[in-house]
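First up is the structure itself, then whatever we jot down about it.
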Amino acid sequence: MTKGQDMQPSSWQNPRPGDRYDLAVVGAGPAGLSAATAAAARGVRVALIERNLPGGTCLNIGCVPSKAIIRTSRLYAEMHDAERYGAQVPAGIGVDFPAVMERMRRIRARTVRPVSFHRLTAAGVDVLPGEARFTGIDTLNVDGTKLRFEKAIIATGSRPEMPSIPGLVDADYLTNENVFDLTELPRRLLVVGGGPLGCELAQAFCRLGARTIIVQHFPLFLPKEERDAAQILSAAFARDGIEVRLNTRPVNVHTEDGQKRVDLISDDYQSTVIVDRILAGVGRLPNVEGMDLETAGVVYDPVHGIRVDDFLRTSNTRIYAAGDACLEHKFTHSADAAARIVVQNALFRGRQRLSGLVIPWCTYTDPEIAHVGLYVRHANEQNLPVKTFTIPMHDVTRAIADSEEVGFVKIHVKEGTDHILGATIVARHAGEMINEITLAMVAGIGLRTLSRVIHTYPTQAEAIKKAADACSRTRSKPTTRRFQWRWRAG
């Protein structure tokens, strides 16, 4: 099944637009889909405009296909490391890369099925494939068809940022938009950028057999994460055989006979590497051009996206924005949460604020790095006194049994209280574990209360309970503890 099959059938006929829609949504990625279906479910007349495929980056060329490949690459890594689990390394381990990619495409086709045009229409959404351009403060043109709206949401997502490296375009470089079209494993791969995307795919392709190099112009990769977390990942990369070059930037690419010669500069030292493919993962830019936003009175910036207030309103009070087109944190789950805020605020006189969201995130390497809330450096900037409770995973029974002892759970509370300010988890399943702490923060549950939550044993989430137990032990004053001891002693 191809990527676009059943998404926009050749027999598709656009619905005839009504006199005026209650809500027009531009973009059918996670934010647009969430907004359109939530509004339609509440009886709102909705038009959804999409120029490509429903599902956006996440389902088609982002989260879902990358995680499918990562899972297979992890299996190959475990086969090579079988002795650590008391098993024998299988003889003649060979990577069937076309089969890896075919599995990914089957999974992708399955996940996009619920957002096909026919299913959206059945949910009460008028789907209009085409390019949307604003023609006024309350009007749109979709490939020649005029559309009027009471309120609109811009949810056009983002695209890969292209590094300005001479010769890169001629080298047929890869981004998340075309890397999942590969049918042959690159023997040598250069990854430009040490952010989440670059780190995830570098490790996956390395484990599938590509000789992989990461170049990062910063002195460290994952620069937003805590340094001990990034250092653990650096050690994991070294074990996998990934070469990491920090403080390094590509300055020229020359292609000859299918090979790419890439000139690198690190401080004053210049070197050249020869690779088969180059993957660029240096960041993302919002999709804000080509919609005539000026005509609608919507203020935007080509780098930072559409300017919105805390209620996600643009400079045109009829028009809101959600997702990568306006948010700093370009995650699928933050796009979905923002879209729900917009529907409430735009259509039902809500006053929900973007700043009120508690947004976790995760880099899906092995080990994973997940975070929610404040880092210590941010708390210090706000003059918030912080106490941190850290539990190494090698102190957790299930992590020992799983031979997954690398990492930690680190939870920050406001000094003198058990109010959770933030947390970082480095572990094999950190993305799953961070949700418990996120729930506690959203519900206003203190860390000591988590010590009273009975966790199934043994699980790796026991590390969170251990941190909570440590917090509880700091609650009693010395005089109180002496009284308790005397009472117990009779």
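According to the numbering used here, the stretch in the sequence shown is residues 1489 to 1978, in order. We treat Cβ as the ideally placed atom computed from N, Cα and C, and that holds for glycine.
Touch test, the stretch 1507-1516 against the stretch 1793-1804, Cβ-Cβ under 8 Å, three pairs minimum: no
Same chain, Cβ closer than 7 Å to residue 1810, five either side skipped, listed in chain order: 1519, 1523, 1641, 1643, 1800, 1823, 1826, 1827 and 1830
Segments assigned beta strand (DSSP E), at least 3 residues, entirely inside the stretch 1604-1677: 1613-1617, 1620-1624, 1627-1630, 1633-1642 and 1646-1648
Residues near residue 1930 by beta carbon distance below 6 Å, same chain, minus five either side: 1846
Beta carbon of residue 1682 nearer than 8 Å to that of residue 1701: no
Cβ neighbour criterion (16 or more within 10 Å) applied to residue 1975: At residue 1975, the pLDDT of 47 sits below 50, so the modelled position is not reliable and the matter cannot be decided from this model.
Beta strand (DSSP E) segments (min. 3 residues) lying fully within the stretch 1549-1592: none
Residue interval of the alpha helix (DSSP H) (run including residue 1730): Taken as a continuous stretch (DSSP letters only), residue 1730 belongs to no alpha helix (DSSP H), as it is neither H nor E.
Cα-Cα separation between residue 1597 and residue 1670, rounded to whole angstroms: 16 Å
Per-residue burial, residue 1775 [other beta carbons within 10 Å of its own, 16 or more giving buried]: buried
Cutoff 7 Å; reference residue 1951; Cβ partners in own chain excluding five residues on either side: 1879, 1881, 1884 and 1897
Spatial distance of residue 1676 from residue 1688 (CA atoms): 16 Å
Sequence-distant residues of its chain with Cβ nearer than 6 Å to residue 1986 (five each side left out): Missing from the structure shown is residue 1986; the chain here goes from 1489 to 1978 and no further.
Beta strand (DSSP E) segment containing residue 1740, residue limits: 1736-1744
Residue 1659 to residue 1732 span [Cα, whole Å]: 21 Å
Residue 1690 burial status per 10 Å Cβ neighbour count (16 or more: buried): buried
Every unbroken alpha helix (DSSP H) within the stretch 1839-1923, with a cutoff of 4 residues, ordered by chain: 1864-1869 and 1885-1889
Sheet register partners of residue 1762 (DSSP bridge): 1749
DSSP bridge partner residues for residue 1789 (one or two, in chain order): 1793
Expected contact under 8 Å - CB spacing of residue 1852 and residue 1919 to nearest Å: 6 Å
Buried versus exposed call for residue 1712 [16 or more other C-beta atoms within 10 Å across all chains shown]: exposed
Residue 1508 - DSSP class collapsed to helix/strand/coil: coil
Where residue 1547 sits in the DSSP three-state scheme: helix
Alpha-carbon to alpha-carbon, residue 1754 and residue 1508: 58 Å
Separation of residue 1653 from residue 1739, as counted between CA atoms: 6 Å
Separation of residue 1611 from residue 1599, as counted between CA atoms: 17 Å
Where residue 1808 falls, given that 16 or more other Cβ within 10 Å makes a residue buried: buried
Secondary structure of residue 1772, DSSP reduced to three states: strand
Simplified DSSP state of residue 1949, which is helix, strand or coil: coil
Alpha carbon of residue 1494 to alpha carbon of residue 1663, nearest angstrom: Bear in mind that a pLDDT of 41 at residue 1494, under 50, signals an unreliable position, so the number given afterwards is only what the model happens to contain. Cα to Cα, the separation comes out at about 25 Å.
Delimiting residues of the beta strand (DSSP E) encompassing residue 1534: 1534-1538
Spatial distance of residue 1536 from residue 1941 (CA atoms): 43 Å
Simplified DSSP assignment, three categories, for residue 1806: coil
Cβ neighbours of residue 1858 in the same chain (closer than 6 Å, five flanking residues each side left out): 1850, 1913, 1918, 1919 and 1922
Backbone CA spacing between residue 1725 and residue 1959 [nearest angstrom]: 33 Å
Residue 1700, DSSP secondary structure in three states: strand
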